[in-house]
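Residue numbers (my numbering): 48 to 292. Virtual Cβ for every residue (Gly too), placed ideally from N, Cα, C.
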């Protein structure tokens with residue numbers, strides 16, 4: 048039997064969480080934070096997403112808030128008893144002068160799974176965002192499942208980034224070719240949006256052999272990387288190290 052669940056949270060300027068609603072396999076927990084951030088950790092209460100599941104997280108980071116969201120463990124997309132594609136939707140809203148650090152653990156696409164994941168972000172003009180997505184294509188020694196991800200970011204009502212990626216048996220041919228993954232099984236991206244980039248633009252550059260930093264048409268940079276495994280990918284997508292390099 049498939050699961051439909053939406054977890055919701057609201058963060059306020061004073062560090063409060065007036066809304067912190069868990070649902071189904073998505074348990075939201077306030078955890079100890081370092082520095083000025085309120086921290087929320089997503090804890091998996093059961094195996095998910097499975098085939099046919101419809102899961103979602105909605106976060107509203109209100110004006111002046113500083114929120115760090117992470118997860119307790121990797122998310123593993125698995126085949127389920129119910130046939131069909133699973134869906135995992137993330138909706139993030141960041142208000143004026145607010146900052147969101149969205150840094151969950153990796154998404155693992157297990158063999159036989161089929162998942163569509165979509166992340167939508169709405170940023171105010173003075174909002175800051177650090178967002179990382181990491182996908183591991185197959186568990187150790189196995190082929191990947193089918194995975195489609197889309198990241199859509201709007202700033203002050205205007206498009207900043209809209210990118211869709213697809214991997215696995217249901218993806219168009221060439222997804223694993225030399226021009227895309229080149230045989231690597233770990234892939235990800237780090238997006239940093241900061242109004243300070245308008246006065247201090249970041250120059251494009253290569254980060255190691257398999258990652259590149261690209262300024263976007265807005266106060267943002269996108270780091271895209273592939274790697275042989277999750278540990279190597281995380282080194283390439285460390286937000287503090289990448290921007291300091």
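Buried or exposed (CB count within 10 angstroms, at least 16 for buried), residue 151: For the purposes of this step, residue 151 is taken as residue 104 along the chain shown, with counting starting at 1. Looking at its Cβ environment, which holds 16 or more other Cβ atoms inside 10 Å, residue 151 is buried.
Enclosing alpha helix (DSSP H) for residue 281 [first to last residue]: If you number the chain shown from 1, residue 281 lands on position 234. Taken as a continuous stretch (DSSP letters only), the alpha helix (DSSP H) holding residue 281 covers 277 to 283.
Backbone secondary structure at residue 61 - three-state DSSP: Indexing the chain shown from 1 puts residue 61 at position 14. Coil.
Alpha-carbon to alpha-carbon, residue 229 and residue 190: Counting from one through the chain shown, the residue named residue 190 turns up at place 143. Counting from one through the chain shown, the residue named residue 229 turns up at place 182. One C-alpha to the other measures close to 15 Å.
Proximity of residue 177 and residue 251 at Cβ, strictly below 8 Å: Taking the chain shown and counting its residues from 1, one reaches residue 177 at position 130. Taking the chain shown and counting its residues from 1, one reaches residue 251 at position 204. Not in contact: residue 177 and residue 251 (Cβ atoms no closer than 8 Å).
Status (buried if at least 16 other CB within 10 Å, exposed otherwise) for residue 17: Nothing about residue 17 can be reported from this structure: the residues present for the chain run from 48 to 292 only.
Alpha-carbon to alpha-carbon, residue 49 and residue 249: On the chain shown, position 202 is the one that residue 249 refers to. On the chain shown, position 2 is the one that residue 49 refers to. Rounded to whole angstroms, residue 249 to residue 49 spans 45 Å at the Cα level.
Extent of the continuous beta strand (DSSP E) to which residue 209 belongs: Locating residue 209 in the chain shown gives position 162, counting from the first residue. Its beta strand (DSSP E) spans residues 205 to 214.
Environment of residue 278 [buried if 16+ CB atoms lie within 10 Å]: The residue labelled residue 278 in the question sits at position 231 within the chain shown. Burial call: exposed.
Between the CA atoms of residue 257 and residue 159 - distance to the nearest angstrom: As a working mapping, residue 159 is identified with position 112 in the chain shown. As a working mapping, residue 257 is identified with position 210 in the chain shown. The alpha-carbon atoms of residue 159 and residue 257 are separated by roughly 28 Å.
Residue 77 vs residue 64 beta-carbon contact at 8 Å: What you label residue 77 is simply residue 30 of the chain shown in a count that begins at 1. What you label residue 64 is simply residue 17 of the chain shown in a count that begins at 1. Yes. Within cutoff.
Straight-line Cα distance separating residue 234 from residue 69: The count along the chain shown starts at 1 and reaches residue 69 at position 22. The count along the chain shown starts at 1 and reaches residue 234 at position 187. Whole-angstrom Cα-Cα distance: 29 Å.
Exposed unless 16 or more other CB atoms sit within 10 angstroms - verdict on residue 226: Indexing the chain shown from 1 puts residue 226 at position 179. Exposed, since its Cβ has fewer than 16 Cβ neighbours within 10 Å.
Span of the beta strand (DSSP E) around residue 129: Here residue 129 refers to the residue found at position 82 of the chain shown. Premise fails: residue 129 is in no beta strand (DSSP E) and is neither H nor E.
Whole-angstrom distance between residue 137 and residue 145, CA atom to CA atom: Here residue 145 corresponds to residue number 98 of the chain shown, with the count starting at 1. Here residue 137 corresponds to residue number 90 of the chain shown, with the count starting at 1. Residue 145 and residue 137: Cα-Cα distance of roughly 18 Å.
Residue 287 - DSSP class collapsed to helix/strand/coil: Here residue 287 refers to the residue found at position 240 of the chain shown. Of the three classes helix, strand and coil, the one that applies to residue 287 here is helix, per DSSP.
Within 8 Å, strictly: CB atoms of residue 169 and residue 196: Counting from 1 along the chain shown, the entry for residue 169 is found at position 122. Counting from 1 along the chain shown, the entry for residue 196 is found at position 149. Not in contact: residue 169 and residue 196 (Cβ atoms no closer than 8 Å).
First and last residue of the uninterrupted beta strand (DSSP E) at residue 236: As a first step, residue 236 is located in the chain shown; it is residue number 189 there, counting from the start. It spans 233 to 240 - the beta strand (DSSP E) in which residue 236 sits, taken as one unbroken run.
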